[in-house]
Amino acid sequence: MAPLPVLRAALLVSFSVLLTVLLGFGLPALLNTGTRVLGLPESSVTECIVGLYLLFVLYMATPRIPRGLVEVKGRAVFVTGCDSGFGLALSKHLHKLGFTVYAGCLLKDKGGEGAKELEEFHSDRMKVVQLDVCSEEQVNQAVEYIRENLEDADRGLWAVVNNAGLSTFGEVEFTSMDTYRKLSEVNLWGSIRVTKAVLPLIRKAKGRVVNISSMMGRMGSALSSPYCISKYGVEAFSDCLRYEMKTWGVKVSIVEPGNFMAATGIMTRESMNNTANKLWSEAPAHVQEDYGKARFEMLMAHVRSNSNSGQKDISPVLEDITDAIMSKRPYTRYHPMEPHWWIRVQLMTHLPAAMSDFLYF
1 MAPLPVLRAA LLVSFSVLLT VLLGFGLPAL LNTGTRVLGL PESSVTECIV
51 GLYLLFVLYM ATPRIPRGLV EVKGRAVFVT GCDSGFGLAL SKHLHKLGFT
101 VYAGCLLKDK GGEGAKELEE FHSDRMKVVQ LDVCSEEQVN QAVEYIRENL
151 EDADRGLWAV VNNAGLSTFG EVEFTSMDTY RKLSEVNLWG SIRVTKAVLP
201 LIRKAKGRVV NISSMMGRMG SALSSPYCIS KYGVEAFSDC LRYEMKTWGV
251 KVSIVEPGNF MAATGIMTRE SMNNTANKLW SEAPAHVQED YGKARFEMLM
301 AHVRSNSNSG QKDISPVLED ITDAIMSKRP YTRYHPMEPH WWIRVQLMTH
351 LPAAMSDFLY F
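First residue of the sequence shown: 1, per the UniProt record's numbering; consecutive thereafter.
Below is the structure:
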């Protein structure tokens with residue numbers, strides 16, 4: 001299978017050809033009518049639109065331009081949520097590149113498999129720490145451990161990657177307030193808690209804060225309100241922090257992965273069945289009556305069908321996080337996702353809501 005950048009470029013070029021044809025043969029008559037009314041040359045508007053769009057496509061299809069890399073030797077990175085998925089793979093990847101990695105694992109003290117796997121490196125540059133991002137005490141203990149074990153305390157900590165997170169699904173009327181609180185506590189408040197605790201070390205290094213959001217932090221989706229709310233919060237927090245940290249030379253980046261459920265196993269069919277049963281059993285009687293069991297089961301069947309969907313290769317996510325950590329001029333936002341999701345994000349964030357709603361809902 002062709003690599004993601006090639007697929008994205010091919011899709012963008014194809015899309016541009018289609019839109020260029022429409023612009024070239026369908027829209028000019030309408031535009032030229034408008035320009036005649038305004039007393040402008042007939043061809044100017046069409047040429048400008050086509051030219052600007054082709055420049056846009058060329059920009060988006062161009063491979064990432066090298067922007068210089070920082071020296072890895074002697075630098076340390078703190079990664080949260082390393083029990084599985086992105087965090088586990090990222091810890092291994094950064095260690096391989098030569099970074100000292102402080103890997104925060106929720107289940108370290110309970111003998112979690114991810115923590116064991118990282119401890120088996122038996123490396124001075126792979127340090128596994130117990131970390132529940134919802135616990136102020138554990139966060140402070142982890143940061144103190146990092147401070148005491150940094151190779152050069154005066155140099156500070158180069159980067160923190162706030163990766164720990166939870167995901168769930170369910171319509172608003174079936175979702176308890178505890179679920180909303182739980183996802184926000186982990187996905188949003190956990191990122192804020194860790195960042196605030198470690199920020200003095202990051203400022204000292206003029207380093208990086210990398211927050212893992214989601215494409216759902218840029219666009220809403222039915223059955224996903226608790227997750228979307230928490231990730232929208234991560235986006236806002238990251239933007240505000242980026243403005244504040246500019247004076248200190250700290251770069252703040254957001255990584256917005258697409259659908260990687262097949263790769264991470266974040267929601268299996270079994271866990272989805274358990275969640276669906278819980279949603280129905282805990283829903284108020286009037287909600288059960290209004291929605292009906294048949295409609296609820298239809299919605300849940302749709303959700304379950306997506307349990308193994310998405311990309312199976314997480315290397316695009318690892319590459320983007322690595323670029324945010326290592327590039328001398330990291331991007332503000334990274335979008336490791338399949339081309340059709342990337343196009344959807346662009347349309348839903350740039351078109352008027354009435355148009356994007358018509359297209360997708």
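Even for Gly, the Cβ is constructed at its ideal location relative to N, Cα and C.
The model shown is predicted, which means the values in this text are computed figures rather than measured ones.
_Quick check on Arg181: buried or exposed, where buried means 16 or more other Cβ atoms within 10 Å of its Cβ?_
Counting from one through the sequence shown, the residue named residue 181 turns up at place 181. Counting C-beta atoms within 10 angstroms of its own C-beta, Arg181 has fewer than 16 neighbours from the protein chains shown and is therefore classed as exposed.
_Taking 7 angstroms as the cut-off, is the beta-carbon of Val250 closer than that to any non-hydrogen atom of the ligand SAM?_
Among the components of this structure there are no ligands whatsoever, and the ligand SAM is therefore not found.
_Close-in-space but distant-in-sequence residues of the same chain around Tyr334 (CB under 8 angstroms, 5 per side omitted)_ = Translated into positions along the sequence shown, residue 334 becomes position 334. Result list for Tyr334: Ser253, Ile254, Val255, Glu256, Asp320, Ile321, Asp323, Ala324, in chain order.
*Starting from the Cα of His122, find the closest Cα among Gly85, Ile146, Val101, Gln346 and give me that residue.*
What you label residue 122 is simply residue 122 of the sequence shown in a count that begins at 1. Checked all of Gly85, Ile146, Val101, Gln346; the closest Cα to His122 is Val101.
*asked:* For Val194 and Thr33, what's the separation of their Cα atoms in angstroms?
replied: In the sequence shown, residue 194 corresponds to position 194, counting from 1. In the sequence shown, residue 33 corresponds to position 33, counting from 1. Distance between Val194 and Thr33, taken at the CA atoms: about 58 angstroms.
*Enumerate in chain order the residues of its own chain whose CB-to-CB distance from Asp83 is below 7 angstroms, with the five nearest sequence positions on each side excluded.*
Counting from one through the sequence shown, the residue named residue 83 turns up at place 83. Closer than 7 angstroms at Cβ, skipping near neighbours: Cys105, Leu106, Leu107, Gly112, Gly114, Ala115.
_Let's test the definition: count the other Cβ atoms within 10 Å of the Cβ of Lys251 and tell me whether it reaches 16, buried, or not, exposed._
Translated into the one-based positions of the sequence shown, residue 251 becomes position 251. It is buried - the Cβ of Lys251 has at least 16 other Cβ atoms within 10 Å.
*Look at Trp158 and Arg75 and say whether their C-beta atoms are less than 8 angstroms apart.*
Position 158 of the sequence shown, counting from 1, holds the residue named residue 158. Position 75 of the sequence shown, counting from 1, holds the residue named residue 75. Closer than 8 angstroms, so yes.
*Does the stretch 330-344 come within contact of the stretch 215-229, defined as at least 3 CB pairs closer than 8 angstroms?*
yes
*asked:* Can you tell me where the alpha helix (DSSP H) holding Cys240 begins and where it ends?
replied: Taking the sequence shown and counting its residues from 1, the one referred to as residue 240 is at position 240. Segment 225-245, the alpha helix (DSSP H) holding Cys240.
*Under 8 angstroms, do Ala160 and Leu90 count as touching if we go by C-beta distance?*
By one-based count along the sequence shown, residue 160 stands at place 160. By one-based count along the sequence shown, residue 90 stands at place 90. Before going further, note that residue 160 is Val rather than Ala in the sequence given. Contact: no.
*Taking Cβ positions, are Asn259 and Val234 nearer each other than 8 angstroms?*
Within the sequence shown, the letter at position 259 stands for residue 259. Within the sequence shown, the letter at position 234 stands for residue 234. Judged by their CB atoms, Asn259 and Val234 are not nearer to each other than the 8 angstroms cut-off.
_Less than 8 angstroms between the beta carbons of Leu94 and Val77, yes or no?_
Locating residue 94 in the sequence shown gives position 94, where the first residue counts as 1. Locating residue 77 in the sequence shown gives position 77, where the first residue counts as 1. Against a cut-off of 8 angstroms, the Cβ pair of Val77 and Leu94 comes out as a contact.
*Buried or exposed: where does Ile65 fall if 16 or more other Cβ atoms within 10 Å of its Cβ makes it buried?*
The count along the sequence shown starts at 1 and reaches residue 65 at position 65. Label assigned to Ile65: exposed.
_Start-to-end residues for the beta strand (DSSP E) that takes in Met126_ = Along the sequence shown, one-based indexing puts residue 126 at 126. Run containing Met126: 126-130, per the beta strand (DSSP E) assignment.
*Between Asn163 and Val72, which are expected to be in contact by the criterion C-beta below 8 angstroms, what is the C-beta distance as a whole number of angstroms?*
Sequence index remark: in the sequence shown, residue 163 carries index 163 (1-based). Sequence index remark: in the sequence shown, residue 72 carries index 72 (1-based). Rounded, the Cβ-Cβ distance is 20 angstroms, inconsistent with contact.
*Report the three-state DSSP secondary structure of Asn162 (helix, strand or coil).*
Position 162 of the sequence shown, counted from the start, is the residue given in the question as residue 162. Residue state, collapsed to three classes: strand.
*Have a look at Gly87, Ala262, Ala283, Met300 and flag the residue whose alpha-carbon is nearest the alpha-carbon of Asn273.*
To locate residue 273, count along the sequence shown from 1; it is residue 273. Ranking Gly87, Ala262, Ala283, Met300 by Cα distance to Asn273 puts Met300 first.
*Who are the near neighbours of Lys312 in its chain, counting only those whose CB is closer than 6 angstroms to its CB and skipping five residues on each side?*
Your numbering for residue 312 matches position 312 in the sequence shown. Here the set comprises Ala262, Ala263.
_Taking the beta carbon of Glu338 as the centre, do at least 16 other beta carbons fall within 10 Å, making it buried, or is it exposed?_
Residue 338 sits at position 338 when you count from the first residue of the sequence shown. The residue is buried, with at least 16 neighbouring Cβ atoms inside 10 Å.
*Enclosing beta strand (DSSP E) for Leu103 [first to last residue]*: The sequence position of residue 103 within the sequence shown is 103, counting from 1. The sequence given here places Ala at residue 103; Leu does not occur at that position. From DSSP, the beta strand (DSSP E) with Ala103 extends over 100-105.
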